[in-house]
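If you read the sequence shown in our numbering, its first letter stands for residue 7, the second for the next number, and so on.
The beta carbon of each residue, even a glycine, is placed where N, CA and C say it ideally should be.
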Amino acid sequence: MPSRLIFAALMPRDVVTRARQDFDAVVADGKDDMTPAEVIEAANAHRAEALLFTNTLPLTAEAIAQLPDSVRVGATSSVGYDHIDVAAAKARGIMVTNTPGVLTECTADFAFMMLLAAARRAYEYDKVMRAGWRYRIGQGDLLGVRVTGKTLGILGMGRIGRAVAQRARGFDMTVLYHSRNRLPAELEQDARYFASFDDMLPHCDFLSLHAPAGPATDKIINAAALAKLKRGAVLVNVSRGGLVDEDALFDALTSGQLFAAGLDVFRSEPDFDLRFAALDNVIMSPHIGSGSVETRNAMGFRALDNIAAVLAGREAIDPLW
Ligand code: DGY
Numbered sequence: 007m008p009s010r011l012i013f014a015a016l017m018p019r020d021v022v023t024r025a026r027q028d029f030d031a032v033v034a035d036g037k038d039d040m041t042p043a044e045v046i047e048a049a050n051a052h053r054a055e056a057l058l059f060t061n062t063l064p065l066t067a068e069a070i071a072q073l074p075d076s077v078r079v080g081a082t083s084s085v086g087y088d089h090i091d092v093a094a095a096k097a098r099g100i101m102v103t104n105t106p107g108v109l110t111e112c113t114a115d116f117a118f119m120m121l122l123a124a125a126r127r128a129y130e131y132d133k134v135m136r137a138g139w140r141y142r143i144g145q146g147d148l149l150g151v152r153v154t155g156k157t158l159g160i161l162g163m164g165r166i167g168r169a170v171a172q173r174a175r176g177f178d179m180t181v182l183y184h185s186r187n188r189l190p191a192e193l194e195q196d197a198r199y200f201a202s203f204d205d206m207l208p209h210c211d212f213l214s215l216h217a218p219a220g221p222a223t224d225k226i227i228n229a230a231a232l233a234k235l236k237r238g239a240v241l242v243n244v245s246r247g248g249l250v251d252e253d254a255l256f257d258a259l260t261s262g263q264l265f266a267a268g269l270d271v272f273r274s275e276p277d278f279d280l281r282f283a284a285l286d287n288v289i290m291s292p293h294i295g296s297g298s299v300e301t302r303n304a305m306g307f308r309a310l311d312n313i314a315a316v317l318a319g320r321e322a323i324d325p326l327w
């Protein structure tokens, strides 16, 4: 008898197909990801053994307490897991897993796309073209800032931060980074470590955020941090919106302290702060940094592999506790 799985997120078709093949899957109905109340209801109604979800499901201690004791594993199809109360899951003996590794390259590609697009005003050029163009653009009009040879600061030098650094090297950029711990030389390569984030900021032409959300990073990009950047710097955030004080970011974008920003994530999603939609020097996307066919399939399959391992009594591949 296949194990009961609540498939709480809208996932690529191939992932849904495999979930239906391997499990007795109760699948989100195609309109939206399930809410916590829907997951709790479905898990209890079906005596589910596993949950598959993504960062849209806040798996809080309160939600975990309402799950039936049949649930043995919850797999998020995401590398970030700030939406899960891991301690509460552990206390109930529910293994929780994420999907590190499989999304590194596509997320780094996306961060670099945002960096280039913000620096070179891709959004504004596209807007000019869609409005019909048909006027002379002078040699001094609508100029972006050069990327090649500039200095990139990276906050968080995990897998994705390092993959962004690798791309930056292809643009002859000087790479600086701050993370809790200095990397060993083979991972650091030629990047320069700053033990103090504040000390790194004045050197940065570009700043790309790749740290997890949590109390240690909440609003780490605030008015004081933004003021320390070089005037005219470019900010890229494809990690979590919680890292940024959005009032301070808005001020920096409208005062000229920042030349531009590339934002894939917001403090509130999907109901993001619409002030940013009115700014031409912001290029935005709807939290979709890892969103290639290959990567989203790999993430979903990895989540299913984690579930299968735990339900078969093996170690999870990506345990969070
Ligand atoms: C991740 O993997 O954490 C992405 O942000 C998708 O949630």
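Residue i Cβ short of 8 Å to the ligand DGY heavy atom set
{"i": "T105", "result": "yes"}
{"i": "N61", "result": "yes"}
{"i": "M305", "result": "yes"}
{"i": "G247", "result": "no"}
{"i": "L269", "result": "no"}
{"i": "V85", "result": "yes"}
{"i": "H216", "result": "no"}
{"i": "H293", "result": "yes"}
{"i": "S298", "result": "no"}
{"i": "L193", "result": "no"}
{"i": "T223", "result": "no"}
{"i": "E110", "result": "It should be pointed out that residue 110 corresponds to Thr in this sequence rather than to Glu. Result no, Cβ not under 8 Å from the ligand DGY."}
Bridge partners - residue i, DSSP secondary structure assignment
{"i": "R198", "result": "L182"}
{"i": "R10", "result": "D30"}
{"i": "N61", "result": "DSSP lists no partner for N61."}
{"i": "I289", "result": "G268"}
{"i": "L213", "result": "G159 and L241"}
{"i": "I70", "result": "According to DSSP, which records beta bridges pairwise, I70 is partnered with nothing at all."}
{"i": "A56", "result": "L11 and V79"}
DSSP state of residue i mapped onto helix, strand, coil
{"i": "A81", "result": "strand"}
{"i": "N312", "result": "helix"}
{"i": "F330", "result": "With the chain covering 7 to 327 only, the question about residue 330 has no answer from this structure."}
{"i": "M305", "result": "helix"}
{"i": "A239", "result": "strand"}
{"i": "I227", "result": "strand"}
{"i": "G159", "result": "strand"}
{"i": "F278", "result": "coil"}
{"i": "P208", "result": "helix"}
{"i": "A97", "result": "helix"}
Range of the contiguous alpha helix (DSSP H) that encloses residue i
{"i": "V170", "result": "R165 to R175"}
{"i": "F256", "result": "E252 to S261"}
{"i": "H52", "result": "P42 to H52"}
{"i": "E130", "result": "A128 to R136"}
Residue i: first and last residue of the uninterrupted beta strand (DSSP E) it sits in
{"i": "V102", "result": "M101 to T103"}
{"i": "S298", "result": "Looking at the DSSP string, S298 is not in any beta strand (DSSP E), and its letter there is neither H nor E."}
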